[in-house]
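One structure is given below, encoded as structure tokens.
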Amino acid sequence: MPRYRVDVADAHAHLFRVTLTLSRPAPAQRFSLPVWAPGSYMVRDFVRHLSGLRAVQRGEPVPLEQVDKTSWVAHAGDRSALTLSYLVYAFDASVRGAFLGSERGFFNGSSVLLRAEGREAEPHTLQIGKLPPGWGLATAMPAASARHRFVAADYDELVDHPFELGPVQRLQRLGFKAGGVRFEVVVTGAWPSFSADRLADDMRRVCAETIAFWHPRGAAPFARYLFLLHAGGSGCGGLEHRISSALVCARRDLPRTGESARSEGYVALLGLVAHELFHAWSVKRLRPREWASPDYNRENHTSLLWFFEGFTTYFEDRLLLRAGLVDAAQYLRLLARTITALAASPGRQVQSVAAASFDAWTRYYRSDENTPNSTVSYYTKGALVALAFDLTLRADGQGSLDEVLRLLWQRCRRRGLTEPDIEQALVQVAGRSLRAELQAWVHGTDELPLQPLLEAAGVRWQQSPAALAQAVGLRLSEGAVSGVHVRSVLRGSAAERAGLAAGDELLAVDGWRIRRLEDARQWLAPGVAFELLFVRDERVRNCRVDPACDMMPTITLALSDAPGAAAVLRQGWLGA
0 MPRYRVDVAD
10 AHAHLFRVTL
20 TLSRPAPAQR
30 FSLPVWAPGS
40 YMVRDFVRHL
50 SGLRAVQRGE
60 PVPLEQVDKT
70 SWVAHAGDRS
80 ALTLSYLVYA
90 FDASVRGAFL
100 GSERGFFNGS
110 SVLLRAEGRE
120 AEPHTLQIGK
130 LPPGWGLATA
140 MPAASARHRF
150 VAADYDELVD
160 HPFELGPVQR
170 LQRLGFKAGG
180 VRFEVVVTGA
190 WPSFSADRLA
200 DDMRRVCAET
210 IAFWHPRGAA
220 PFARYLFLLH
230 AGGSGCGGLE
240 HRISSALVCA
250 RRDLPRTGES
260 ARSEGYVALL
270 GLVAHELFHA
280 WSVKRLRPRE
290 WASPDYNREN
300 HTSLLWFFEG
310 FTTYFEDRLL
320 LRAGLVDAAQ
330 YLRLLARTIT
340 ALAASPGRQV
350 QSVAAASFDA
360 WTRYYRSDEN
370 TPNSTVSYYT
380 KGALVALAFD
390 LTLRADGQGS
400 LDEVLRLLWQ
410 RCRRRGLTEP
420 DIEQALVQVA
430 GRSLRAELQA
440 WVHGTDELPL
450 QPLLEAAGVR
460 WQQSPAALAQ
470 AVGLRLSEGA
480 VSGVHVRSVL
490 RGSAAERAGL
500 AAGDELLAVD
510 GWRIRRLEDA
520 RQWLAPGVAF
530 ELLFVRDERV
540 RNCRVDPACD
550 MMPTITLALS
560 DAPGAAAVLR
570 QGWLGA
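First residue of the sequence shown: 0, per the numbering used here; consecutive thereafter.
Next up, the structure:
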């Protein structure tokens, strides 16, 4: 049985010490560290943070041979216990790796725990050893009898339970029950004004709706679930695990005592909660067939991220609507934002969402200034493909996308999901073939028929003038001190025709100094050309930008008068 011990070696130096003891090692026992974290589809080469690797057997050093960038072979002398020890530098404040400082620690097992190859199927134990005085921990990994000792059925489970460490008084614990499941939320980094009761109540509503979605008449496949929520200065993101998830948010987005309104940032946080919990079914249990046995040493490709991430993105907002945390008008604003984001991505006309799923490892997670022009987000377009299927099914009067997902859960959670499974489930719910739609929307690059589908559901589609940067095809980073810098120039845009490029610093419009490009709206008429002064490679230049043909509109959605069938369809879809 592989046995691990993780100690805080030096919090100020951000160093964990990891000790792995393996009984009965092979004569040439191979060890490796994963190159990626399940749920985050990019090779991250966590091994770059490992140092000081040593192996000992019967108190004597054992030769270690490094065979590739992430693997070693220990040439054991006999079958007696072999012990490896090493340091891990931990300064990644995201949910994907490991972090250690004087006030907080966190790690995902995939970033710190070497794998004893050939022994993955055995039970694994993990002991959290030396901690600073007054520190505690939180994890969903099942506890063993000893203090801070945990047990996992195999290596896959071992690395699927993140750990949060820190002073006990700063691990703020909330709890509630929903859908027969006991939920715990551990919050770190919140301001004193944070309303824990408000967060717990709203999360309870999200969790109850999520369980009811998957199991209208049954029970969830787990009895307990843990959210690890760290509040920092900025950011919003999460990573799913089988009975837990790690979340980060901006402190300002947490609910505050005495406030009743839900800010835009707080709604986004609740959507993140819904998204990561939804993954406890879709991805962690219902998964692509290609991921039945994940390979931790290389990319694990699938063309189905449009389903697993995109459909989850669609349902995260719908769960907020069903829980009463947003109303129909707010929901439509969220949806309109997604539609506008897709429309402002020229890459949607270059790459299908299925191809974008397969290329996630090298494109989406390795974005650069050309990413908007060369690929499409499987989150964004995948969510709108889900919308198109949902409205199509509802318009046919045969069911909804909810039923498709529940059908796939029943059929495929044990054997893995394929695209033909999705097609067959659509046929069963629709009562007709939707192969043409699947091919066009998932494997094609034509526009999705969202406007007619939404108008048929009693939703008015409107276009309003875009922000100036969007209208001319620029993505910017702006700051009062740092200035206005071009991050991307969109393909076929006025900015591209004017000769602008990523890295340019914008100085003035028509002779007026700008700190935000949108400020030029004070004197520019829509669609009228203007002179732009900018800096490139330390030289001041100018160009003429003509947005006349490029007005990328902002899409807005609103409830409209809905006669007859449209009213019935909208009632079933929005409850409005």
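Beta carbons: idealized from backbone N, C-alpha and C, even for Gly.
All of these numbers come straight from a predicted model, not from anything done at the bench.
Residues near residue i in its chain [Cβ-Cβ closer than 6 Å; skip 5 each side]
{"i": "residue 346", "result": "371, 372, 373, 374 and 375"}
{"i": "residue 45", "result": "32 and 110"}
{"i": "residue 210", "result": "178 and 219"}
{"i": "residue 561", "result": "457 and 569"}
{"i": "residue 203", "result": "175 and 177"}
{"i": "residue 243", "result": "139 and 225"}
{"i": "residue 121", "result": "0"}
{"i": "residue 21", "result": "1, 81 and 115"}
{"i": "residue 142", "result": "149"}
Residue i and residue j closer than 9 Å at C-beta
{"i": "residue 237", "j": "residue 94", "result": "yes"}
{"i": "residue 256", "j": "residue 192", "result": "yes"}
{"i": "residue 53", "j": "residue 81", "result": "no"}
{"i": "residue 2", "j": "residue 78", "result": "no"}
{"i": "residue 582", "j": "residue 412", "result": "No answer is possible for residue 582: it lies beyond the span of the chain, which begins at 0 and ends at 575."}
{"i": "residue 505", "j": "residue 527", "result": "no"}
{"i": "residue 553", "j": "residue 394", "result": "no"}
{"i": "residue 104", "j": "residue 43", "result": "no"}
{"i": "residue 379", "j": "residue 341", "result": "yes"}
{"i": "residue 497", "j": "residue 508", "result": "no"}
{"i": "residue 447", "j": "residue 437", "result": "no"}
{"i": "residue 298", "j": "residue 40", "result": "yes"}
{"i": "residue 530", "j": "residue 540", "result": "no"}
{"i": "residue 189", "j": "residue 230", "result": "yes"}
{"i": "residue 386", "j": "residue 449", "result": "yes"}
{"i": "residue 368", "j": "residue 501", "result": "yes"}
{"i": "residue 296", "j": "residue 70", "result": "yes"}
{"i": "residue 15", "j": "residue 86", "result": "yes"}
{"i": "residue 128", "j": "residue 47", "result": "no"}
For residue i, the first and last residue of its enclosing alpha helix (DSSP H)
{"i": "residue 372", "result": "370-373"}
{"i": "residue 357", "result": "352-357"}
{"i": "residue 450", "result": "449-455"}
{"i": "residue 348", "result": "No alpha helix (DSSP H) holds residue 348; DSSP gives it neither H nor E."}
{"i": "residue 571", "result": "563-573"}
{"i": "residue 109", "result": "108-111"}
7 Å Cβ shell around residue i - same chain, five flanking residues per side excluded
{"i": "residue 100", "result": "10 and 13"}
{"i": "residue 130", "result": "7 and 164"}
Cβ neighbours of residue i in the same chain (closer than 8 Å, five flanking residues each side left out)
{"i": "residue 557", "result": "328, 331, 458, 459 and 461"}
{"i": "residue 235", "result": "247, 248, 249, 252, 264, 267, 268 and 271"}
{"i": "residue 167", "result": "133, 134 and 135"}
{"i": "residue 429", "result": "391, 392, 395, 397 and 398"}
{"i": "residue 145", "result": "126"}
The beta strand (DSSP E) enclosing residue i, as first and last residue numbers
{"i": "residue 475", "result": "473-478"}
{"i": "residue 462", "result": "458-463"}
{"i": "residue 4", "result": "2-9"}
{"i": "residue 495", "result": "Not the beta strand (DSSP E): residue 495 falls in the alpha helix (DSSP H), residues 493-497."}
**Request:** Report yes or no: do the region 105-117 and the region 151-163 share at least 3 C-beta pairs separated by less than 8 Å?
**Result:** yes
**Asked** Which ranges does the alpha helix (DSSP H) cover as unbroken runs of at least 4 residues, wholly within the region 276-330, from first to last along the chain?
**Response** 311-321
**Asked** Taking one C-beta from the region 533-544 and one from the region 401-420 each time, how about it: are there three or more such pairs within less than 8 Å?
**Response** no
**Prompt:** Using 8 Å as the threshold, is the region 239-246 in touch with the region 165-178, meaning 3 or more CB pairs across them?
**Reply:** no
**Request:** Counting only runs of 4+ residues fully inside the region 154-202, write out the alpha helix (DSSP H) ranges in chain order.
**Result:** 154-157
**Runs of beta strand (DSSP E) lying entirely within the region 383-435, each at least 3 residues, in chain order** = none
**Request:** Decide yes or no for the touch test of the region 333-352 against the region 431-449: beta carbon pairs closer than 8 Å, at least 3 of them.
**Result:** yes
**Request:** Answer yes if the region 19-27 comes into contact with the region 70-78, meaning at least three C-beta pairs across the two stretches below 8 Å, and no otherwise.
**Result:** yes
**Request:** Evaluate contact between the region 263-281 and the region 304-324, counting only Cβ atoms and requiring at least three cross-stretch pairs below 8 Å.
**Result:** yes
**Item:** Inside the region 203-243 only - beta strand (DSSP E) runs reaching at least 3 residues
**Value:** 223-231 and 236-239
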